[in-house]
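I have placed the structure first, in the form of structure tokens, so that the comments after it can refer back to it.
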Amino acid sequence: YLQGALARLGYEVSVQPFTAGGQTFHNLEVVIPGGNRADEIVVVGGHYDTAEGSPGADDNGSGSAAVVVLAGLLAHDRPARTVRCVLFANEEPPFFESGGMGSRVYAAQAARRGDRIVAMFALETIGFYTDGSGTQQYPFPLGSFYPDRGDFIGFVGNLQSAALVRRSVRVFRETTGFPSQGVAAPAWIPGISLSDHASFWLHGWRAIMISDTAPFRYPYYHSELDTPDKLDYARLARVVAGVARVVRDVAGVGQ
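With the numbering used here applied, the sequence shown covers 86 to 340.
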């Protein structure tokens, strides 16, 4: 289905098979060619698998759908840098943080080729929002610095990715009327490395996760109740439109 959705946008879809646990899985990639800085690459990705037993509407139907929508929004752009939109297999257990994780396979292949990845955005669980007080949790010690309402989208990176976090939040806030928060923190803090962006850190690339914070907000995380009726589609659409503006800025559209 995802391959067809990307093809209908006019792309030639690169299907990239790999083997893990004795089975064959596939990453999917489409490319928006760059201009005068084409050797510099911006990756926009999200995983399309779900936790066992979960329908995965938010985790990560929302993120994988966003990657397809972003590919459509960016299709006719003329960025200075090359943009790759990638759908990854195997982010969830039992492959999480293993050699069989689709984003780890992809990043390792890119490193072997000598690719110059200057930024990576992982769309991870981005569809649940709530305005109630006390609905947002955080790993220690971040709770003292951020709001207790789960009404924002988060931009999350490691310390090396701090400049990318700051730039992304700045552009998002300047162009999108939607609450947002950013954090660049040591990777050992729980949740900071909880997606495909961390696969790119292993090779020294700047990468951030864009997320509704998943288990720190969403009560149906990794459960059979992670169903489409739980998502806020109006807010999800606003977030994706804002992320498109961030990607265009980093990719140098119009430069």
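Glycine included, each C-beta is placed from N, C-alpha and C at the ideal position.
Since the structure is predicted, the reported quantities are computational estimates derived from the model, not experimental observations.
- Between Met294, His288 and Leu310, which lies nearest to glutamine 266 when the distance is taken from Cα to Cα? On the sequence shown, residue 266 is found 181 positions in, with the first residue counted as 1. Among Met294, His288 and Leu310, the Cα nearest to that of glutamine 266 belongs to Met294.
- Message: Would isoleucine 211 and threonine 167 be called neighbours here (beta carbons separated by less than 7 Å)?
- Response: Working through the sequence shown from its first residue, we reach residue 211 at position 126. Working through the sequence shown from its first residue, we reach residue 167 at position 82. No, they are not a contact pair.
- Message: Three or more C-beta pairs under 8 Å: does that hold for the stretch 197–207 against the stretch 114–131?
- Response: By the Cβ rule, the stretch 197–207 counts as touching the stretch 114–131, because three or more pairs are nearer than 8 Å.
- Task: Using beta-carbon positions only, say whether leucine 91 and alanine 160 come within less than 7 Å of one another.
- Result: Counting from 1 along the sequence shown, the entry for residue 91 is found at position 6. Counting from 1 along the sequence shown, the entry for residue 160 is found at position 75. No.
- Query: Are alanine 329 and leucine 87 closer than 7 Å when you measure CB to CB?
  - Reply: If you number the sequence shown from 1, residue 329 lands on position 244. If you number the sequence shown from 1, residue 87 lands on position 2. It is not a contact, given that the beta carbons lie outside the stated cut-off.
- Leaving out five residues on either side along the sequence, give the residues of the same chain with a beta carbon under 7 Å from the beta carbon of glycine 141. As a position in the sequence shown, residue 141 is number 56, starting the count at 1. Within the same chain, Cβ atoms closer than 7 Å to the Cβ of glycine 141 are found at Thr135 and Asp311, the five residues on either side in sequence being excluded.
- Task: For the alpha helix (DSSP H) holding threonine 260, just list the boundary residues, first then last.
- Result: Residue 260 sits at position 175 when you count from the first residue of the sequence shown. Looking at the DSSP string, the run of the alpha helix (DSSP H) that includes threonine 260 is 247–260.
- Item | Close Cβ partners of valine 254 (< 8 Å) along its chain, the five nearest in sequence each way excluded | Taking the sequence shown and counting its residues from 1, the one referred to as residue 254 is at position 169. Within the same chain, Phe240, Ser265, Gln266 and Gly267 come within 8 Å of valine 254 by CB-CB distance, once the 5 residues on both sides are set aside.
- Message: Quick check: alanine 299 and tyrosine 306, are their CB atoms within less than 7 Å of each other?
- Response: Taking the first residue of the sequence shown as position 1, residue 299 is located at position 214. Taking the first residue of the sequence shown as position 1, residue 306 is located at position 221. Cβ atoms of alanine 299 and tyrosine 306: closer than 7 Å.
- Task: Would you kindly report the start and end of the unbroken alpha helix (DSSP H) that includes alanine 193?
- Result: Position 108 of the sequence shown holds residue 193. Looking at the DSSP string, the run of the alpha helix (DSSP H) that includes alanine 193 is 187–198.
- By how many angstroms is the C-alpha of arginine 251 removed from the C-alpha of aspartate 281? Locating residue 281 in the sequence shown gives position 196, counting from the first residue. Locating residue 251 in the sequence shown gives position 166, counting from the first residue. Going by the C-alpha atoms only, they are around 20 Å apart.
- Task: Go to aspartate 31, then tell me how far its beta strand (DSSP E) extends in each direction, as first and last residue.
- Result: A question about residue 31 goes unanswered here, because the residues of the chain that appear run from 86 up to 340.
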